[in-house]
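Position 139, counted from 1, in the sequence shown is what UniProt numbering calls 139; the numbers after and before it change by one each time, with no gaps.
Working notes for the structure below.
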Amino acid sequence: MPVPASHDVVILGGGPAGSAAATTAARLGLRVVVIDKARFPRDKLCGGLFTGRARGEYVRIFGCTPDPGLFEERRAISFHLGDRTLSRMEDVPPMYLTMRRSLDAHLLSLAAQAGAELRTGCRVADIDLAAERVVLEDGTTLAYRVLIGADGVTSAVARTLFGRPFDPKKIGFALEKEMPPQTDADVLRTVRVDFGAAEWGYGWSFPKRASTTVGVGGLHRLNPDMKARLHDYAALLQQGDADGMKGHFLPFGDHRRRPGRGNVLLAGDAAGFVDPITGEGIGHALTSGRLAAEAAVLALREGRQGDAAAVYRMATRDLRHSLATARMLRPIVFSSGLAPMFLGGFGASGTMRHAYLAMLAGDCEYGQILGLLARRLPLKLWQHYRQRRTRPNT
């Protein structure tokens with residue numbers, strides 16, 4: 001029997017979380033391998049909004065400013081409800097639009113430059129937690145001291161740890177299509193968000209040079225007609241036919257309070273680290289990938305690799321608290337009884353809108369937004385939030 005290749009850290013998944021983890025661990029001196037079933041570049045369903053928060057993590061992890069060729073800066077955003085414009089804002093903190101096909105390949109190349117080994121086009125046949133080994137379909141066996149699952153919402157690592165990758169009652173679902181590029185200059189420079197385009201969700205239109213990414217997303221169990229919703233949304237935008245749409249699960253509102261066990265960690269979508277209100281995932285993927293690698297390094301250096309998940313759980317405390325607060329606020333934004341009051345206040349309050357944008361930029365957290373809501377929204381909304389706080393977090 002061949003001797004398995006031995007690594008300090010084996011990472012499943014070559015997206016932003018995996019590349020962040022690989023780069024961090026390799027730069028800190030660990031032997032790292034990244035495994036992904038795809039060959040890069042590869043297509044990835046994602047709106048491609050790269051926030052200021054994500055940009056800050058990029059600089060911290062990769063030690064350089066983002067390649068401007070990968071991003072298109074936008075400084076205007078509009079919010080809508082049906083055929084009504086709630087607000088249009090100019091000169092907002094910069095937002096960046098990207099194509100995941102290009103971004104993910106670039107990040108993975110940076111991980112390789114940092115010293116990580118890449119095994120792309122390789123499918124995993126088995127994850128043996130007891131033996132601390134990953135077996136590939138071609139028979140290759142890789143031994144690990146710490147395993148990081150950065151393999152997305154349908155994570156094989158999460159399934160191996162917990163029996164299933166996500167809770168079907170809490171999972172979100174999104175449909176997207178790349179539409180023709182915009183020709184109107186004002187539309188081309190404006191990120192658009194449409195509340196109510198899906199139940200407990202929203203629609204988005206992200207205009208880029210080569211195409212316009214149009215999508216709708218919301219809680220899966222409340223949107224059995226998501227295809228019809230995307231068709232309706234495309235018609236509202238006068239974008240034409242939405243045939244050829246593609247879908248993917250979206251773990252917003254379903255993050256794991258214990259994102260790992262023993263020497264096995266989950267990062268990015270695999271841990272459910274997606275904002276329950278905005279749907280942002282890239283920034284949290286970068287953050288959690290970095291934190292997972294740092295936890296692995298600390299645990300291995302202290303000779304207690306079995307405690308890596310406990311170290312990681314402490315490291316992700318602020319991130320998980322922010323996502324939990326957002327989840328508690330979500331009914332105010334999306335529920336049929338309360339959303340009209342919230343959206344009315346949102347449309348009328350420049351302070352609230354700027355706080356939303358500051359949160360995307362990484363300049364404030366949901367706890368600060370919570371305080372703002374308490375001062376500005378109707379008493380009924382605040383009472384509802386307090387009632388939600390008394391319920392167990394299932």
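Idealized CB from N, CA, C, for every residue including glycine.
{"Check": "Distance between residue 275 and residue 392 (C-alpha atoms, nearest Å)", "Outcome": "Its pLDDT being 39, under 50, residue 392 is placed unreliably by the model, and the measurement read from it follows with that caveat. Taking the straight line joining both Cα atoms gives about 20 Å."}
{"Check": "Where residue 391 sits in the DSSP three-state scheme", "Outcome": "Only weak support is given to the placement of residue 391: the predicted model assigns it a pLDDT of 48, under 50, and the question is left unresolved by the model."}
{"Check": "Whole-angstrom C-beta distance between residue 209 and residue 258, which should lie under 8 Å", "Outcome": "With a Cβ gap of about 42 Å, residue 258 and residue 209 do not count as contacting."}
{"Check": "Other residues of its chain near residue 372: CB distance less than 8 Å, five sequence neighbours each side excluded", "Outcome": "351, 352 and 355"}
{"Check": "Cβ contact check for the stretch 329-345 and the stretch 195-211: 3 or more pairs under 8 Å", "Outcome": "yes"}
{"Check": "Residue 218 - partner residues in DSSP beta bridges", "Outcome": "173 and 201"}
{"Check": "Residue 89 to residue 60 span [Cα, whole Å]", "Outcome": "29 Å"}
{"Check": "Check whether residue 12 and residue 43 have beta carbons under 9 Å apart", "Outcome": "no"}
{"Check": "6 Å CB neighbourhood of residue 77 in its chain, flanking five on each side removed", "Outcome": "89, 92 and 191"}
{"Check": "Rounded straight-line distance, which links the Cα of residue 301 to that of residue 107", "Outcome": "26 Å"}
{"Check": "Among 151, 149 and 232, the one whose alpha carbon lies nearest that of residue 196", "Outcome": "232"}
{"Check": "CB-CB length for residue 79 against residue 193, believed under 8 Å", "Outcome": "5 Å"}
{"Check": "Inter-residue Cα distance where the pair is residue 74 and residue 102", "Outcome": "18 Å"}
{"Check": "For residue 16, three-class secondary structure by DSSP", "Outcome": "helix"}
{"Check": "Other residues of its chain near residue 187: CB distance less than 7 Å, five sequence neighbours each side excluded", "Outcome": "207"}
{"Check": "N- and C-terminal bounds of the beta strand (DSSP E) containing residue 87", "Outcome": "84-89"}
{"Check": "C-alpha gap between residue 130 and residue 365, whole angstroms", "Outcome": "39 Å"}
{"Check": "Element boundaries [alpha helix (DSSP H), containing residue 234]", "Outcome": "226-236"}
{"Check": "Local Cβ density within 10 Å of residue 410, reported as buried at 16 or more and exposed below that", "Outcome": "Summary: the structure shown does not reach residue 410, with the chain confined to residues 1 through 394, and so no result is reported for it."}
{"Check": "Counterpart residues of residue 78 in DSSP-defined beta bridges", "Outcome": "88 and 192"}
{"Check": "Residue 286 versus 278, 266 and 298, residue with shortest Cα-Cα distance", "Outcome": "266"}
{"Check": "C-beta atoms of residue 176 and residue 247 nearer than 9 Å", "Outcome": "yes"}
{"Check": "Alpha carbon of residue 234 to alpha carbon of residue 114, nearest angstrom", "Outcome": "42 Å"}
{"Check": "Residue 15 vs residue 268 beta-carbon contact at 9 Å", "Outcome": "yes"}
{"Check": "Identity of the residue in 308, 160, 124 and 328 nearest residue 140 by Cα", "Outcome": "124"}
{"Check": "Residue from 9, 217, 212 and 306 with nearest C-alpha to residue 239", "Outcome": "212"}
{"Check": "Boundaries (first-last residue) of the alpha helix (DSSP H) holding residue 101", "Outcome": "100-113"}
{"Check": "Backbone CA spacing between residue 183 and residue 189 [nearest angstrom]", "Outcome": "10 Å"}
{"Check": "Burial state of residue 321, where buried means 16 or more other Cβ atoms lie within 10 Å", "Outcome": "exposed"}
{"Check": "For residue 245, the three-state DSSP class (helix, strand or coil)", "Outcome": "coil"}
{"Check": "C-alpha distance - residue 288 paired with residue 273, whole-angstrom precision", "Outcome": "8 Å"}
{"Check": "Status (buried if at least 16 other CB within 10 Å, exposed otherwise) for residue 23", "Outcome": "buried"}
{"Check": "Secondary structure of residue 212, DSSP reduced to three states", "Outcome": "strand"}
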